[in-house]
Each structure stands twice: as C-alpha cells, then as structure tokens.
Amino acid sequence: MSTVAAERPPQRAGGERRVGALAWIVLAAAAGVAAASAADALSRTGHSGGSEVFWLAVALIVAPAAYRLAGRRASSAERAAIVVVAGLALYAVKILRDPFGFTYADELVHFHNLQAILGSGSLFGSNSILPITPRYPGLEAVAAAIARAGGISPFAAGVTLIAVARIVIMLALYLLYEAVSGSRRAAGLGALVYTATPTFLFFSAEFSYESLALPLATVAVYALVRWRRAPDAGTGRAWAAVALAIAAAVVVTHHVTAYALVAFLLVYCLLHWKLRGRRGAPWAIAGVVAVLAAGWLAFAAAGTVGYLRPVFTGAIDKVIQTLNGEAATRVLFANQGGAEQTPLAEQLVAVLGILVLGLAVLAGLRVVWRGRRRNPLMLLLAAAAVAYMCTLPLRLIPAAWETASRAGEFLFIGVGLTVSLGIVWLLERRAVERRAHPVLVALIVALVFGSGVIAGWPSSERLAQPVRVDAGGRTLSSPEYAAATWSGQALGPSAVVAAEDADARLFIDYGHQTAFTGINPNIDLVLSSTQTLQPWERQLLRRYRITLVETDLRDVSSDIIAGYFFDVGKPSLMAAASADKFDLRDVDRIYDSGNLVIYGVRRLW
Amino acid sequence: MRARTDLGLVAVLALVACLVSAQLPTHLALVRAPIALPLVLALPGYAIVAALFRPSQLRGVEIVLLSIALSVVATVFAALLLAALGVRLTTAAWLDTLAAVTLVAAVRGTARGHARTLRLPRVRLSAAEVLALGGALVLLSGAGVLGLTPLAAPKGAQGTTALTILPLGEGVVELGVISDELHVTSYRVTLTVAGKRGPRFGPIILAPGARWSRVVSVGLGTPLVAATLSQAARPSATYASVALRCWCTGPGAPPA
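The listed protein sequences derive, respectively, from chains A and B.
Under my numbering, the final residue of the first sequence carries the number 605; numbering is consecutive throughout.
Under my numbering, the final residue of the second sequence carries the number 256; numbering is consecutive throughout.
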C-alpha cells in the first residue's frame with residue numbers, strides 16, 4: 001500500500017503552482033453537464049435518445065476523474081479539486097433535471113418550511129405533511145440566511161446550499177480517507193467511489209435535511225481523526241471544539257444522521273478500547289454528542305420517535321413476513337407503483353456493478369485485515385462496507401427497501417474507503433501492465449457508478465419531464481401547479497386542503513395553504529374510497545378543519561416522484577366514483593379542470 | 001487588525017457584505033449575491049478557524065473545508081440564538097450577527113498572532129489549459145441556458161382548461177376560465193341560476209396561458225348557481241362544470 005510520502009508529485013516549479021490535469025478534468029465534466037442538459041431537453045420535448053446521452057454525460061464526468069485519480073502524478077490539492085469538480089458536476093445533472101423548481105417529495109416539504117421562515121421570520125413553524133421537519137431547522141435556517149443575504153429566491157438559495165453541501169462532503173471524504181489510509185490515491189478514488197452510492201446522484205442531492213447533515217457529520221468525524229492525532233493539547237482542544245460544534249449543528253439539522261453519528265462515535269470508542277485501550281478514545285466527545293441528541297429529542301423534537309418508529313417496525317415486520325413466505329418480495333428495478341421499467345441492459349449493468357463492487361470490497365477487506373486491523377477507525381469503516389453489502393438483499397422486501405436504501409448513504413462511507421484500498425492494492429500489483437491500470441480503474445468506477453444510478457432511481461424519472469412548457473410564446477405550468485396556484489390566490493392561506501400525495505405538496509408550496517395527505521390523517525382512504533361519503537369521513541374533515549377537498553382522478557397524482565408533470569398521452573385514471581361522492585348538496589364545486597376538481601366542503605363539518 | 005492580513009480582509013469583506021445586503025435591492029441579486037453570500041458561507045468559518053488554529057497547523061484544503069462547514073454551523077447557531085431571544089430573522093438581524101461573529105473571531109485570531117500576510121496565489125496555466133477552462137465555461141453556460149429555457153411540449157402532451165366559480169358577496173359570483181391549452185382555444189360558458197338557464201358567454205377565445213373572468217349578479221338568496229364550460233369546437237361536450245350550492249367557501253362567503 002502506498003503512502004502519502006510515496007505518492008510525491010511535483011507540486012511547485014519556481015514558486016508557482018501547477019494545476020496538473022485539473023483544467024482538462026473540468027472541461028470533461030463541463031462537457032458532461034452540457035450533455036446532461038441536452039439529454040433533459042430531448043426528454044422534456046418527447047424525443048428519443050435522451051437516455052443514451054445521459055449515460056454519455058455521467059461517463060464524461062466520472063471516467064476522466066477516475067483515470068486521473070488512479071494515477072500517481074496528481075498532487076493532493078489536485079485530487080481534492082477533482083473530487084469536488086466531480087461532485088458538483090453530478091449535482092448539476094440533478095439541477096438540470098429540475099431547473100425551474102423543486103419536484104422531489106421531500107424537497108417540496110422542506111421548501112414549505114423555508115418559505116415559512118422567510119415569511120414569518122421565526123423557526124419551528126408547522127408542516128401539515130411532515131410535522132417533524134420544522135423541529136430540525138438547520139437546513140432551512142441556512143437557506144433562509146442565503147436567500148436574505150443574497151436577495152435571491154428561496155429555490156436558488158436551496159440549490160446554492162446543497163451545492164455547498166456537495167463541496168463539503170467531497171472534501172471531507174477526501175481528507176478523511178487520506179487521514180485514515182495515508183494514501184492520496186486511495187483518498188481520491190474513495191471519494192469518487194462514494195458517488196456510486198445509489199442515492200447520491202438524485203435522492204441525496206435534493207433539498208432535504210439529510211443532504212446537509214451528512215456532509216457536516218463527515219466533517220465532524222474528520223475533526224475527530226485530527227483530534228486523535230493532535231501534536232499538543234491546545235490543538236487537540238481546538239479540533240475537539242470543531243467536532244463538537246459541527247456535531248451540535250448535525251443534531252439540530254437531521255434526526256437519523258445525528259443518531260448515526262452518535263452510534264458511530266460510541267462504536268468507535270468501544271473498538272478503540274478493545275484494540276488500543278481505554279485511553280485516547282473520544283469518550284467525552286461521544287458522550288456530549290449523545291446528550292445533545294437526546295436533549296434535542298426530548299425538549300425540541302419529541303415527535304421524532306413517533307415519526308421514525310413505523311418506518312423501522314414496518315421494515316422489521318416485513319422482513320419477518322417475507323422470510324416466512326407470508327409477504328411477496330419487491331420487484332427490483334421498479335418504479336414507485338411497483339412496475340418494472342428498467343431496460344434489460346441496464347439491469348445487467350446494475351447486477352454486474354454490484355458484483356464488481358463486492359469483489360472490490362473483498363480486495364479492500366484483505367488489505368485491511370493484513371495490515372490495518374489494529375486501526376479502530378479503519379476497522380469500523382470496513383465493517384460499514386460489509387454491512388452495506390449485507391443490506392442489499394433487503395432491497396427485495398418492500399417495506400425494508402427504503403430503510404436499506406437510506407442506510408446505504410451512511411454505510412457507503414465505509415464502502416468508498418474499502419473499495420479504494422482494494423483498487424490501489426490491485427494497481428500496485430505487477431501482474432497486469434501498469435499503463436492499463438488507470439484505464440481499467442476508470443472503467444470499474446464508471447461501471448459501479450452506473451450500477452448505483454440504475455439501482456437508486458427509476459429509469460423513467462432520471463431525465464427531465466415537462467413541468468413548464470412553451471406554448472405560443474407563453475410558459476404554461478402543469479395542471480396540478482395551476483390548481484394549487486389558483487387555490488392560493490383565490491382562497492387565501494387560511495384554507496385547509498385534503499389532496500393526493502403529489503398535489504398536496506404543491507398546495508403547501510404554491511398555494512401557501514395547509515394541506516393534508518397520506519394515511520395520518522387517512523386522506524388516502526377518503527380520496528380512494530368509492531363508497532358514498534361516510535360519517536367517519538365527515539368527522540375527519542371536521543377534526544382537521546378541512547375546507548377544501550381536491551380530487552385528482554389521475555393515478556399519477558398519488559405518485560410523489562412522478563406526479564408533478566404534464567400528462568403525455570391519456571393518463572391512467574382511478575374510479576370516478578371516488579371523486580363524484582363529493583358532488584353533494586352541501587358541497588361547492590369551485591374549480592374543475594377535467595380530471596382535477598376542487599370542492600368546498602366546509603358545510604360537511 | 002491590519003487590512004493587509006487575511007483576517008483584515010475578512011473583516012472588511014464582512015462589513016461590505018452587511019452594507020451591500022442592506023443597501024442593494026433584491027433585483028440586483030447578480031451583484032448583491034456574490035458580495036453578500038460569503039458572509040453566510042465562508043467568512044465566519046474562516047475567522048473562527050484563524051481564531052482556533054495557527055496557519056501552519058492546517059493545509060489549504062482543510063482551511064477551505066472548515067471555513068465552509070463552520071460558516072454553516074455559525075449560521076445555524078445564529079438563527080437558533082436569535083429565535084431564542086425572540087428576535088425576528090430579518091436580513092439585518094441575521095447578517096449583523098454573522099458579521100459580529102466574524103469580527104470577534106478575526107480579532108481573536110489576530111490577537112493570537114494567527115493572521116497571515118496577504119499574498120496572491122501564483123497559479124501557472126498553459127495556453128491550452130486556459131482554452132480548456134474557457135471551453136468549460138462556454139459549455140456550462142450553454143447547459144444552463146438550455147436547461148432554463150421552457151421548450152415546446154412533447155407530442156401528445158395534454159393541455160387543460162379550468163373553470164372556476166367564486167362567491168364575491170351576496171348575490172354576486174365571479175366566473176373564470178384559465179386556459180392552459182397548448183394552442184388558441186375558443187370556449188363557451190353557460191350559467192344556470194336556480195335551475196333556470198342564465199346568461200351564456202362566448203365565444204371566448206383564449207391564447208395559451210390566458211384567463212377570462214366575469215362578475216355576474218345572480219340575485220339575493222339564490223340557492224344554486226352552476227356553470228358549464230365547453231369548447232366551441234365541441235359545444236355539446238361539457239369540458240368542466242362548477243357549482244355554488246351553499247356559498248360557504250371563499251372570501252365574503254357567509255359562515256357555515
């Protein structure tokens with residue numbers, strides 16, 4: 001295994017800094033971004049070929065970066081810059097998919113919180129769709145500060161903040177991997193491999209609290225590593241202060257990331273105790289972070305337990321049911337509705353990528369076991385890599401799929417390092433011609449990245465959909481946006497709406513109204529039941545003071561990934577009786593755009 | 001704190017950011033954002049790093065990372081502090097707090113001897129590298145322009161038209177048509193008052209994105225006002241229908 005000292009590139013010549021191949025990597029990444037924009041344009045105008053151009057785009061971003069990082073010649077600063085360029089270019093792919101506004105389910109929820117802070121000037125507002133989110137205001141607080149300072153729109157502020165979060169996580173991973181492995185090459189490759197997390201390209205790039213909390217948590221872990229190696233007490237205290245401050249910010253930003261950080265610190269302390277003795281482990285830091293997380297849970301965000309419990313218990317129950325043969329397994333490569341849509345070639349790439357990833361993890365584990373198994377942090381990260389591979393079968397179980405997918409974002413931090421150690425070990429073997437190595441590495445990283453993209457997001461949702469279109473020189477928004485905007489303008493923010501999952505998110509953001517959806521309260525059943533209006537439904541409307549019911553016959557309106565765009569072709573519709581039951585003597589029918597109707601139901605209370 | 005040190009520059013930039021945010025209106029965001037945003041995303045963190053560490057203790061990459069991360073952290077805590085004190089999160093409150101954090105940390109860093117003399121980084125780029133970066137800029141600009149341009153709808157995209165009705169007060173309603181069809185469309189609106197056919201409107205010719213509205217007096221105590229929308233090309237097919245049956249929604253509506 002090479003070390004920092006062994007990888008000594010020429011950094012300065014005559015006091016001037018050379019940028020190495022960075023300019024060419026930037027050019028390739030920019031070409032990739034331009035290709036992604038072209039792919040999206042093809043998709044939203046209904047032309048074919050977008051998917052092929054999309055794959056070209058990500059290959060232009062990932063492969064040249066991997067090639068350069070696999071070589072020996074780049075300096076540490078150049079490697080750090082390359083992983084940042086790759087991270088930002090991949091974020092641009094996501095932004096170009098939705099350049100007009102947020103269209104991801106969680107983004108729309110957090111966007112409401114951001115607008116509420118900007119409107120009211122205070123934190124801890126309310127959110128009728130995900131009530132727990134305003135109790136963790138870190139993300140929205142920073143985005144609001146950006147919007148206020150720069151005089152830019154809330155959407156632009158959110159995009160800016162997540163771009164900054166991307167810079168943070170790429171730099172933090174690079175420095176963490178470098179500190180743990182002692183290898184610049186492993187560090188750069190590891191940070192790039194991390195982008196192959198199935199959720200990295202789209203889900204983790206959304207304007208959501210985890211997208212900020214995880215990068216900050218990674219910096220906290222890096223600060224901990226530097227605290228351990230501080231040359232004197234003063235420097236150690238400074239690094240401890242940095243770790244604690246950042247961990248405290250994580251606590252007020254995202255629940256699961258905070259608990260994952262606490263778990264990470266405690267396991268690290270125990271491993272350290274076991275391998276190197278009790279002294280030197282960050283017990284005090286782990287303890288303080290645990291107390292902060294518990295304190296925030298108890299005094300500021302008590303609803304977190306009720307929010308998270310069904311997710312985990314549901315996953316555990318489904319795993320048991322599936323193992324007992326009582327529940328069906330999930331269709332792999334399916335969209336939210338469970339329909340398999342991914343082309344066969346992509347499915348093969350995904351499976352091949354997972355196999356290659358598994359082999360690279362095994363190679364990395366060999367390196368760890370042979371020379372680094374006394375290093376508690378290295379051991380912990382390697383264990384995370386193994387845990388990630390163990391979560392892959394959970395993707396076959398419907399209720400456990402989301403838990404496994406979300407856990408992957410954390411566990412892949414271990415995969416990034418372990419795989420890069422395996423790759424660097426392979427690079428240093430003499431069995432294969434040396435010159436071929438970087439090319440091979442670029443292909444491997446691109447394959448693993450592609451596999452992650454295919455596994456992480458439905459193929460039909462990767463490219464831009466028509467959400468705003470040009471018609472006769474005017475810009476039109478999709479019908480659900482039009483309904484929410486009209487409702488807000490005509491009926492004001494005091495209206496309380498019951499709507500399908502996708503539509504409700506638009507009512508809170510573009511109508512600036514309170515909207516209920518989902519199963520708590522059970523709006524799903526109210527809107528899907530074809531029976532005449534039942535007494536319990538009237539009770540529900542009264543209890544939540546719902547003044548408007550929006551019925552949307554299109555099946556896509558309950559799809560929180562796909563339900564925000566223009567229909568292309570005749571949409572699939574649900575039973576008309578579920579909407580018609582509101583055509584009652586005591587109900588006003590105030591908005592009708594065909595499949596989408598808004599009823600005034602206050603008299604039903 | 002001398003201006004020719006890094007911390008002196010940070011202090012000056014923080015004050016300028018405060019001033020710019022206070023003075024420049026939001027429609028000048030292209031000028032305002034690059035000057036003001038560092039006060040949220042970089043300057044507090046840089047000053048805190050300087051207060052905590054000697055310059056020789058950190059590498060450049062570490063300084064960049066910690067400056068950003070600690071700025072974000074400082075912004076989060078500033079918001080929590082202001083909220084706890086009951087201060088409204090206005091632009092001035094936020095930026096003044098962040099500027100104060102930056103100045104205090106910069107002074108502390110300077111007092112500890114952690115300020116560095118300003119030097120411009122000397123980066124040597126070959127002509128080919130300059131061309132590559134220029135090409136990248138062109139490609140990124142093109143990608144952005146293409147991405148932000150609304151394009152024609154795909155073949156088969158479904159436009160929609162909405163018919164709306166709202167009570168404006170006793171005996172008065174407002175009818176509206178919002179045409180989000182992809183081409184110019186002609187409509188007819190038929191009103192029914194208490195079961196009897198009322199006035200008809202049309203042809204109403206609307207371009208994509210255009211709206212039509214009409215205030216109609218229907219008489220006091222009217223129990224039912226209904227309207228239907230049809231496209232002039234297919235007058236027999238009702239496209240949308242609305243009805244006010246109890247007038248219990250909307251501004252000015254009587255309480256239930």
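Where is the CB? At the ideal position from N, CA and C, for every residue including glycine.
Task: Beta carbon proximity, F565/A to chain B, threshold 7 Å - done: Answer no: the Cβ-Cβ gap between F565/A and chain B never drops below 7 Å.
Open item on the list: Please return the same chain residues whose Cβ sits closer than 8 Å to the Cβ of L379/A, not counting the five positions on each side in sequence.
Closed with: L271, L275, V368, R372, R373
Task: C-alpha distance - L130/A paired with A78/B, whole-angstrom precision - done: Cα to Cα, the separation comes out at about 25 Å.
Task: R211/B to A21/A span [Cα, whole Å] - done: 55 Å
Open item on the list: Using a 10 Å radius around the Cβ and a threshold of 16 neighbouring Cβ atoms, would you call N520/A buried or exposed?
Closed with: exposed
TODO: Using 10 angstroms around the beta-carbon of A407/A, count the other beta-carbons present and answer buried if the total reaches 16, otherwise exposed.
DONE: buried
TODO: Would you kindly report the start and end of the unbroken beta strand (DSSP E) that includes G600/A?
DONE: 596-600
Task: Touching by the beta-carbon criterion (3+ pairs, under 8 Å), the segment 134-144 of chain A and the segment 58-75 of chain A - done: no
Open item on the list: Which residues in chain B have a C-beta closer than 8 Å to the C-beta of L27/A? List them in chain order.
Closed with: A132, L133, G135, A136, L139
- [ ] Please work out which residues of its chain come closer than 6 Å, Cβ to Cβ, to G159/B, disregarding the five sequence neighbours upstream and downstream, and give them in chain order.
- [x] D180, E181, L182
TODO: Inspect the beta-carbon positions of G147/B and L88/A and report whether they are closer than 7 Å.
DONE: no
Task: Proximity of L201/A and T257/A at Cβ, strictly below 7 Å - done: no
TODO: Mind listing the chain B neighbours of R538/A? Cutoff is C-beta to C-beta under 9 Å, in chain order.
DONE: By Cβ distance, chain B contributes nothing, its closest Cβ being about 13 Å from R538/A, past 9 Å.
TODO: Could you give the DSSP three-state label for K155/B: helix, strand or coil?
DONE: Assigned with DSSP and collapsed to three states, K155/B falls in coil, not helix or strand.
TODO: Please state if the CB of L261/A and the CB of A217/A are separated by a distance shorter than 7 Å.
DONE: yes
- [ ] Consult DSSP for K318/A and reduce its assignment to one of helix, strand or coil.
- [x] Correct three-state label for K318/A: helix.
Open item on the list: Which of the three DSSP states is assigned to T418/A in this structure?
Closed with: Here T418/A sits in helix by DSSP.
- [ ] Pick helix, strand or coil for S208/A, following the three-state DSSP scheme.
- [x] coil
Open item on the list: Please list, in chain order, the chain A residues whose beta carbon lies closer than 9 Å to that of L191/B.
Closed with: What L191/B touches in chain A: nothing, since even the nearest Cβ is about 14 Å away.
Task: Endpoints, beta strand (DSSP E) assigned at I590/A - done: Start and end: 588-592.
Task: Pick from T530/A, L417/A, V469/A that is closest to A179/A, judged by C-alpha positions - done: L417/A
Open item on the list: Could you check whether the Cβ of G169/B sits closer than 7 Å to any Cβ belonging to chain A?
Closed with: For G169/B, not one C-beta of chain A is nearer than 7 Å to its own C-beta.
Task: Inter-residue spacing [alpha-carbon to alpha-carbon] between A608/A and G600/A - done: What is shown of chain A runs 1 to 605, which leaves residue 608/A out entirely.
TODO: Please look up how many angstroms separate the CB atoms of I508/A and E550/A, rounded, as I've assumed it's under 8 Å.
DONE: I508/A to E550/A, Cβ: 12 Å. No contact.
Task: Exposure label - L355/A; buried when at least 16 CB within 10 Å - done: exposed
Open item on the list: With H, G and I counted as helix, E and B as strand and the rest as coil, what does DSSP make of D509/A?
Closed with: helix
- [ ] Just the C-alpha distance for I614/A and R370/A, rounded to the nearest angstrom, thanks.
- [x] Within the shown structure, residues of chain A are numbered from 1 to 605, placing residue 614/A beyond reach of any answer.
TODO: Leaving out five residues on either side along the sequence, give the residues of the same chain with a beta carbon under 6 Å from the beta carbon of G49/A.
DONE: L42
Open item on the list: At a CB distance below 9 Å, what residues from the segment 100-114 of chain B approach chain A? Give them in sequence order.
Closed with: none
TODO: For the alpha helix (DSSP H) holding G358/A, just list the boundary residues, first then last.
DONE: 344-371
TODO: Whole angstroms is fine: what's the gap from G71/A's alpha carbon to P466/A's?
DONE: 42 Å
Open item on the list: Please classify Q534/A as buried or exposed, where buried requires at least 16 neighbouring CB atoms within 10 angstroms.
Closed with: So Q534/A counts as exposed.
TODO: Quick one: grab the DSSP three-state call for A92/A.
DONE: helix
Task: Test: V73/B CB closer than 7 Å to a CB of chain A - done: yes
- [ ] Answer with yes or no whether the minimum CB distance from L95/B to chain A is below 7 Å.
- [x] Yes - at least one Cβ of chain A is within 7 Å of the one on L95/B.
TODO: Tell me whether the beta-carbon of L463/A lies closer than 7 Å to the beta-carbon of D40/A.
DONE: L463/A is a Cβ neighbour of D40/A, given a cutoff of 7 Å.
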